[in-house]
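As structure tokens, the structure follows; a few thoughts come after it.
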């Protein structure tokens, strides 16, 4: 459990808050590149870390991210005209470029230099890996882009989606940190022999060890990018089955994946204190994703979800009880909810926008999550005291994967797996 005070410290991300200050030391994904499809396309409202912003792609294809409110009379720039390398407020015609400079002020005399004194808050952006990234922190502390493998591979090797989740960002990350829930929340009923044979592609990542041993023991190891989690289950005599998850600052997770299969991870990006974007990325480092894999992703049968193309809210949501099917729950899977991503969303949203962590009763399976909470609070305090944010200046450290393997009892799991879990792309 966390005290009420620590829970607030962990979850509040607005300007000036400790956790918000920590987040503002990193590049964060905020839109799919396709949401701004071309030069002079329609601008978009963006809410990020509790700030109201507007994004646009100018005539040269550069992406601007500005304060939503025109510095003249505070009218919304969302209604602006995106034209000739700038976003023009429709109230009095003031025009701003992607750097926030006022480049035209037709409501003032031609000889006036007033426009040179006016600036709207702007944030740096990058277009990389099919995603738009923003940095909202001090310009003298600009970090490196995290060299996440999914963003480095060719376009046909990856599949990236986002969905709006109506919870605080921390509930999303905790789902990635907590590996023990996989034996329950995401369980599919199947004949044990079928599971051993790996006849179902969905089941091959959930081998028999996870059914036979539902109470894994957790081990953590600090890393330059965050920390690694090893979840240990009993396997054949003299061996353990290990699942390795990666938790990367400030809010990325990579989940374990069977050798040779595509990999999957998440980014949990705060919209405000009670909502976040869940970016999900699946990729294969060595080959294009197959049509069969893409069909699974598009159907929402794995970690991706089927969402409204405008709001990015899951079609299966709280208003329709996530389309729970009790017959499915009795005969096919543990929840009666279709899709791993939707199952996660359903349970995390069921806790409320900001769960009351002071009322929890945590056990041994929560070891990694307890560690993560304390780490995030400590790192936020350190940044407030002037320390550098962990991993912010070391983008190469993010070239890492999750994985799963069977190892002898006497093997050091983190050292033995280290080479295999390094990204090659």
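Residue numbers (our numbering): 137 to 561. Every residue gets a Cβ at the ideal spot worked out from N, C-alpha and C, and that includes glycine. Just so we're clear, the structure is a prediction, and the values are computed from it rather than from any experiment.
Cα-Cα separation between residue i and residue j, rounded to whole angstroms
i	j	result
residue 389	residue 406	15 Å
residue 397	residue 523	39 Å
residue 145	residue 219	42 Å
residue 303	residue 484	7 Å
residue 344	residue 188	48 Å
residue 208	residue 152	25 Å
residue 497	residue 325	28 Å
residue 459	residue 229	47 Å
residue 216	residue 231	9 Å
residue 438	residue 284	21 Å
residue 362	residue 448	29 Å
residue 355	residue 452	34 Å
residue 205	residue 237	14 Å
Start and end residues, alpha helix (DSSP H) containing residue i
i	result
residue 520	503 to 520
residue 552	549 to 553
residue 294	Where residue 294 is concerned, there is no enclosing alpha helix (DSSP H), although the beta strand (DSSP E) it sits in stretches over 294 to 301.
residue 357	Looking at the DSSP string, residue 357 is not in any alpha helix (DSSP H); the run it does join, the beta strand (DSSP E), is 353 to 359.
residue 140	140 to 147
residue 467	462 to 467
DSSP beta-bridge partners of residue i
i	result
residue 397	Answer is none; residue 397 lacks a bridge partner.
residue 187	184
residue 192	200
residue 305	Residue 305 pairs with nothing; no bridge assigned.
residue 385	Bridge partners of residue 385: none, in fact.
residue 263	268
residue 411	408
Helix, strand or coil at residue i according to DSSP, with G and I counted as helix
i	result
residue 334	Since pLDDT at residue 334 reaches only 43, below the 50 mark, its modelled position is unreliable, and the value read off the structure follows with that caveat. The answer is coil: DSSP assigns residue 334 none of H, G, I, E or B.
residue 444	coil
residue 287	helix
residue 451	coil
residue 344	helix
residue 202	strand
residue 438	coil
residue 160	coil
residue 320	coil
residue 525	coil
residue 325	coil
residue 370	strand
residue 172	coil
residue 231	strand
residue 165	strand
Segment limits, beta strand (DSSP E) that includes residue i
i	result
residue 130	Residue 130 lies beyond the stretch modelled for the chain, which goes from 137 to 561, so this question has no answer here.
residue 239	238 to 240
residue 539	539 to 544
Which listed residue (the options) has its alpha carbon closest to that of residue i
i	options	result
residue 424	525, 346, 286 and 174	286
residue 294	517, 366 and 399	399
residue 172	158, 185 and 192	192
residue 518	414, 157 and 532	157
residue 307	147, 393 and 214	147
residue 185	271, 532 and 554	271
residue 273	266, 513, 544 and 259	259
residue 526	140, 162, 154 and 137	162
residue 235	254, 249 and 504	254
residue 520	143, 160 and 138	160
residue 262	384, 199, 386 and 211	199
residue 404	297, 378, 347 and 290	297
residue 532	240, 281, 277 and 252	281
Any chain E beta carbon closer than 8 Å to residue i
i	result
residue 250	The structure shown contains no chain E; it holds only a single protein chain.
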